[in-house]
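Peer 1: Got a structure here, written out as structure tokens. Questions coming.
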Amino acid sequence: MCTVFTKNTSKGMVAARNHSWCQPGGNLHFIPSKRLYGKAANAMILMDQWGQDRPFDGMNEHGLFIGCAGFPDDLSPLGKQKTKPHGLDIFGIIRFVLERAKSTAEALEILRATPISYQHDQGPGTVGHNIRFHYLIADPTGHVVNWADDKNFFRRRLSVGKGFPITNFPLAAKGIADSDDYIPMGGDRYDILKKGMDSVRGPRSAMQLLDKTQQPTTLWSCVYDLKRLTMELCIDLDYDFSFHFDFREKIAEGERHLGFGELRLWEGHDHPREKEFSIPCLLYTSDAADE
Numbered sequence: 001m002c003t004v005f006t007k008n009t010s011k012g013m014v015a016a017r018n019h020s021w022c023q024p025g026g027n028l029h030f031i032p033s034k035r036l037y038g039k040a041a042n043a044m045i046l047m048d049q050w051g052q053d054r055p056f057d058g059m060n061e062h063g064l065f066i067g068c069a070g071f072p073d074d075l076s077p078l079g080k081q082k083t084k085p086h087g088l089d090i091f092g093i094i095r096f097v098l099e100r101a102k103s104t105a106e107a108l109e110i111l112r113a114t115p116i117s118y119q120h121d122q123g124p125g126t127v128g129h130n131i132r133f134h135y136l137i138a139d140p141t142g143h144v145v146n147w148a149d150d151k152n153f154f155r156r157r158l159s160v161g162k163g164f165p166i167t168n169f170p171l172a173a174k175g176i177a178d179s180d181d182y183i184p185m186g187g188d189r190y191d192i193l194k195k196g197m198d199s200v201r202g203p204r205s206a207m208q209l210l211d212k213t214q215q216p217t218t219l220w221s222c223v224y225d226l227k228r229l230t231m232e233l234c235i236d237l238d239y240d241f242s243f244h245f246d247f248r249e250k251i252a253e254g255e256r257h258l259g260f261g262e263l264r265l266w267e268g269h270d271h272p273r274e275k276e277f278s279i280p281c282l283l284y285t286s287d288a289a290d291e
């Protein structure tokens with residue numbers, strides 16, 4: 001189960017997310033702008049486990065961020081949903097919005113207008129049964145939305161120094177803090193985020209706060225700088241090895257899709273622990289090719 005927060009620092013907005021799940025691995029995607037249905041879609045960075053069309057978090061060329069976290073469906077029951085032919089998957093909606101929206105306001109407009117299939121059809125006793133998701137959306141201007149559904153969302157403008165966290169319970173749920181389920185639903189991590197928000201002054205301190213809320217199942221931790229369009233990424237609970245990506249540089253290189261194994265090999269150069277993870281650059285020089 002995941003941890004997400006955003007903070008309006010004196011240097012600009014940052015958004016951060018821990019992805020924690022029972023299945024290992026992950027993928028990073030750099031996707032340039034392309035034409036879809038007659039319109040130019042935004043360029044994006046996406047993180048996923050189940051396909052680039054179903055990301056868990058990401059940022060687009062306008063600095064719009066979306067990240068999700070699960071919670072038990074019975075805390076905010078939707079009732080029976082009628083399937084619609086144009087309804088979107090609960091993760092697919094993240095990419096759908098990032099492709100089209102330039103701001104939190106536009107993202108909210110799309111969410112209100114687009115049917116979402118919140119249930120993902122797991123049977124009783126299977127992983128993910130009775131779990132649905134809420135989303136934290138933020139843009140460089142400080143506008144933030146926590147969206148669970150069209151009747152359960154919060155919208156606010158963060159002044160400098162203010163943050164907004166979510167974990168694994170809907171903020172509209174009453175009496176959660178006094179219930180026995182508070183800790184299992186991420187209440188301890190929520191408390192750590194609330195107390196530690198003052199310490200976040202940029203991407204590095206945001207990653208340090210993610211480190212404090214890690215779980216044994218945390219697969220990746222990422223911090224997006226929504227003003228400068230950069231991303232910091234730590235994988236496999238290794239907070240001593242941080243990958244840094246400049247959005248504009250990576251998008252200019254063209255479309256790329258990297259699993260965590262490839263990420264270690266191709267993006268670990270010039271790091272103090274390069275030899276541990278990366279194929280030596282010498283292998284790819286012209287001199288090496290002539291030998």
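Going letter by letter, the sequence shown gives residues 1 to 291 in the numbering used here. By construction, the Cβ of each residue, glycine as well, lies at the ideal position given by its N, Cα and C atoms.
1) What whole-angstrom Cβ distance do residue 71 and residue 132 have, given they're in contact under 8 Å?
2) Excluding the five sequence neighbours on either side, which residues of its own chain have a C-beta within less than 7 Å of the C-beta of residue 150, listed in chain order?
3) Anyone know if the C-beta pair for residue 158 and residue 144 falls short of 8 Å?
4) Using a Cβ-Cβ cutoff of less than 6 Å, which residues in the same chain neighbour residue 210 once the five nearest sequence positions on both sides are dropped?
5) Using only the alpha-carbon positions, how far apart do residue 223 and residue 231 sit?
6) Just verifying my parser: in three-state terms, what is the DSSP assignment at residue 206?
7) Would you mind sorting residue 11 into buried or exposed? The rule is 16 or more other CB atoms within 10 Å of its CB.
8) Decide yes or no for the touch test of the stretch 198 to 207 against the stretch 21 to 32: beta carbon pairs closer than 8 Å, at least 3 of them.
9) Using CA coordinates, which residue listed in 54, 116, 28, 64 is at the minimum distance from residue 83?
10) Quick check on DSSP: helix, strand or coil for residue 198?
11) For residue 99, does the count of other Cβ atoms within 10 angstroms reach 16, so buried, or fall short, so exposed?
12) So residue 40 and residue 60 are supposed to be a Cβ contact under 8 Å. How far apart are they, rounded?
13) Are the CB atoms of residue 193 and residue 170 nearer to each other than 8 Å?
14) Who does residue 221 pair with in a DSSP beta bridge?
15) Which term fits residue 86, buried or exposed, when burial requires 16 or more other beta carbons within 10 angstroms of its beta carbon?
16) Assuming residue 257 and residue 29 are in contact, meaning their beta carbons sit under 8 Å apart, how far apart are those beta carbons, in whole angstroms?
17) Hey, is residue 44's beta-carbon within less than 8 Å of any beta-carbon in chain D?
18) Out of 206, 176, 69, point me to the one whose CA is closest to residue 163's CA.
19) Taking the straight line between their C-alpha atoms, what separation do you get for residue 46 and residue 27?
20) When DSSP labels each residue in this structure, what does residue 188 get in the three-state scheme?
21) Among the residues of its own chain, which have a CB less than 6 Å from the CB of residue 375, if the five just before and after it don't count?
22) Using CA coordinates, which residue listed in 203, 265, 56 is at the minimum distance from residue 9?
23) To the nearest angstrom, how far is the alpha carbon of residue 94 from that of residue 33?
24) Going by DSSP, what residues sit across from residue 28 in a beta bridge?
25) Beta-carbon separation of residue 176 and residue 187 under 8 Å?
26) Put residue 57 into one of helix, strand or coil per three-state DSSP.
27) Count the other C-beta atoms from every protein chain shown that fall within 10 angstroms of the C-beta of residue 252, then say buried if there are 16 or more, exposed otherwise.
28) Secondary structure at residue 160, three-state DSSP: helix, strand or coil?
Peer 2: Taking the structure as given:
1) 7 Å
2) 112
3) yes
4) 16, 18, 221
5) 6 Å
6) helix
7) exposed
8) no
9) 116
10) helix
11) buried
12) Rounded, the Cβ-Cβ distance is 12 Å, inconsistent with contact.
13) no
14) 18, 234
15) exposed
16) 5 Å
17) Considering every chain present, this structure includes no chain D. It has just one protein chain.
18) 206
19) 8 Å
20) helix
21) Because the chain spans 1 through 291 in this model, residue 375 falls outside it and cannot be assessed.
22) 203
23) 16 Å
24) 47, 258
25) yes
26) strand
27) exposed
28) coil
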